[in-house]
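There are 2 protein chains.
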Amino acid sequence: MRWHKISDAVVRRLPLYLRVLEEASRDEDKQLMSSQELGDRAGVAPALVRKDLAWFGEFGKQGVGYQVDYLKTELRRILNLDREIRVGLVGVGALGHALVRYHRIRSMRNSSFHINLIALFDNDPAKFGEHVVDLEIWPLELLAEKIKALKLEIIIVTVPAAHAQEVVDLAVAAGIKAILNFAPVKLTVPEGVHLANADLSLELQRLAYYLNE
Amino acid sequence: MRWHKISDAVVRRLPLYLRVLEEASRDEDKQLMSSQELGDRAGVAPALVRKDLAWFGEFGKQGVGYQVDYLKTELRRILNLDREIRVGLVGVGALGHALVRYHRIRSMRNSSFHINLIALFDNDPAKFGEHVVDLEIWPLELLAEKIKALKLEIIIVTVPAAHAQEVVDLAVAAGIKAILNFAPVKLTVPEGVHLANADLSLELQRLAYYLNE
DNA sequence: TAGATTGTTAATCGATTAACAATC
DNA sequence: TAGATTGTTAATCGATTAACAATC
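Which chain is which? The protein sequence lines are G and Z, in order.
Heads up, the first sequence is in the numbering used here, so the first residue is 1 and it goes up one at a time.
Heads up, the second sequence is in the numbering used here, so the first residue is 1001 and it goes up one at a time.
Written out as structure tokens, the structure reads:
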């Protein structure tokens, strides 16, 4: 258990730092990085990088900077990426299909990426038993059962807006603690369940605002 | 030209309000809505709803609330959704393909949705001339030319991370002012060009943080 | 009129930045 | 040692919330 409640603003930057460290170590074999450089590459002010990291421990050395490998390991641990995280996807339409392919290929190439999509669900009987890449599509009725049996921890929701809330309610009742939602609808989840929204039309509408200044 | 520079936090909520108003008027034929109800439905405090709207004018009546139709019209105008916004998509892989289908079908069903995806680009000659739904895939070489000829204002980037920055540079040089990026990479754009990131792996990594509290 | 709700100002809250002593 | 850079505190900035006069 952590002492302070870390704000979501901080948590959102951690994967950014991790990505910078992974690229620097993979592409440049970099051993050390200062908060200045890490910040530059992540698009974050150096003082903020140090403050963010300091919530979790003392990872750097004065006058030297941060050991890339060590900080990488620590960030993975903090983000729970040092163990397998099992993910299910509900709604294998065009978008769901694409996300499966995108994700399966990524996780096959990069064995250290421990967020694994391992189960697909749909409510269309015509799709039951069908495979996308190497994953079988299960009937939506099996969602709760499979969440428990396969220890799924995150679900990706790519069903039509009208069905998203009921899918989420089912999943939450079965113990799901995190949801990545693509449906263009505001979902309600109980305290303790975390929601990330990937709502493309909202993003496009936001961008449209800036088009005549 | 607007008097105050409106913060992005405000702009992000406007499409949310618009969606609530559209649903209320379409599904419930609602005529009036208070900041209280609009806020409840959008997940925003009522005082913040009033403050956000007040940046752009006086749209409500004391003791009464907001006229749904009127506010809807005003929000559309503010967001530039009262005119056609033309969008191009670069990188017709699995994800790009799915976004095209998702978006074309949406815009065909909902004629009032004026953000239109009208051009596709890829660098794979095998795909040139191929159609996705009703849209032809053009060679990436034509990007700059087509941006100008078709008056594209937004591009959606679904190319691999390694190519995203060069695509963006090309597009920006040709006059693009807004970019929706799906590539898992931090893009650099000049002042005045707006960027929205839809980076799925960052979102999943963020969610993973919350999985053992 | 009485009740309701806006638009707006002041107060609060939270996040970022600046500054610097500690120390490698 | 001298220079560099961390971890941390204080100052600043910005966004949200509370409160209320105006008014429909």
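By construction, the Cβ of each residue, glycine as well, lies at the ideal position given by its N, Cα and C atoms.
{"Query": "Comparing alpha-carbon positions, which option in Z:1064, Z:1026 and Z:1141 lies nearest residue 1036 (chain Z)?", "Result": "Z:1064"}
{"Query": "Can you say whether residue 1043 (chain Z) is buried or exposed, counting buried as having 16 or more other CB atoms within 10 angstroms of its CB?", "Result": "exposed"}
{"Query": "With 8 Å as the limit, tell me which residues of the stretch 68-88 of chain G have their beta carbon closer than that to any beta carbon of chain Z; keep them in chain order.", "Result": "78, 79, 80, 81, 85 and 87"}
{"Query": "Could you tell me which residues DSSP puts in a beta bridge with residue 138 (chain G)?", "Result": "G:121"}
{"Query": "Helix, strand or coil, according to DSSP, for residue 131 (chain G) in the structure here?", "Result": "strand"}
{"Query": "Specify the secondary structure class of residue 71 (chain G) as computed by DSSP and reduced to three states.", "Result": "helix"}
{"Query": "Just the chain Z side, please: which residues come within less than 8 Å of residue 22 (chain G) by C-beta, in chain order?", "Result": "Chain Z residues near residue 22 (chain G): none, gap ~11 Å exceeds 8 Å."}
{"Query": "What in chain Z is Cβ-close to residue 176 (chain G), meaning under 7 Å?", "Result": "None at all; the shortest Cβ gap to chain Z is about 10 Å."}
{"Query": "Quick one, which of Z:1172, Z:1027 and Z:1012 has its alpha-carbon nearest residue 1053 (chain Z)'s?", "Result": "Z:1012"}
{"Query": "Can you pull the chain G residues whose beta carbon is under 8 Å from the beta carbon of residue 1203 (chain Z), in chain order?", "Result": "180, 196 and 198"}
{"Query": "Which chain G residues sit within Cβ distance under 7 Å of residue 1012 (chain Z)?", "Result": "206"}
{"Query": "Verify the CB distance criterion: does residue 163 (chain G) have a CB-CB separation below 8 Å to chain Z?", "Result": "no"}
{"Query": "What number of angstroms, rounded off, separates the C-alpha of residue 174 (chain G) from the C-alpha of residue 142 (chain G)?", "Result": "11 Å"}
{"Query": "Please check if any C-beta of chain G sits within less than 8 Å of the C-beta of residue 1046 (chain Z).", "Result": "no"}
{"Query": "Take residue 159 (chain G) and list the residues in its own chain whose beta-carbon comes closer than 7 Å to its own, dropping the five residues that flank it on each side.", "Result": "90, 91, 167 and 183"}
{"Query": "Verify the CB distance criterion: does residue 1120 (chain Z) have a CB-CB separation below 8 Å to chain G?", "Result": "no"}
{"Query": "Could you spell out the range, first to last residue, of the alpha helix (DSSP H) harbouring residue 24 (chain G)?", "Result": "8-28"}
{"Query": "So, at 6 Å on beta carbons, what are the nonlocal neighbours of residue 156 (chain G) in its own chain, with the 5 sequence-adjacent residues on each side left out?", "Result": "89 and 180"}
{"Query": "Verify the CB distance criterion: does residue 102 (chain G) have a CB-CB separation below 8 Å to chain Z?", "Result": "yes"}
{"Query": "Is residue 186 (chain G) close to chain Z? Criterion is C-beta to C-beta, closer than 8 Å.", "Result": "yes"}
{"Query": "Run through chain G and tell me which residues come within less than 7 Å of residue 1043 (chain Z), C-beta to C-beta.", "Result": "186"}
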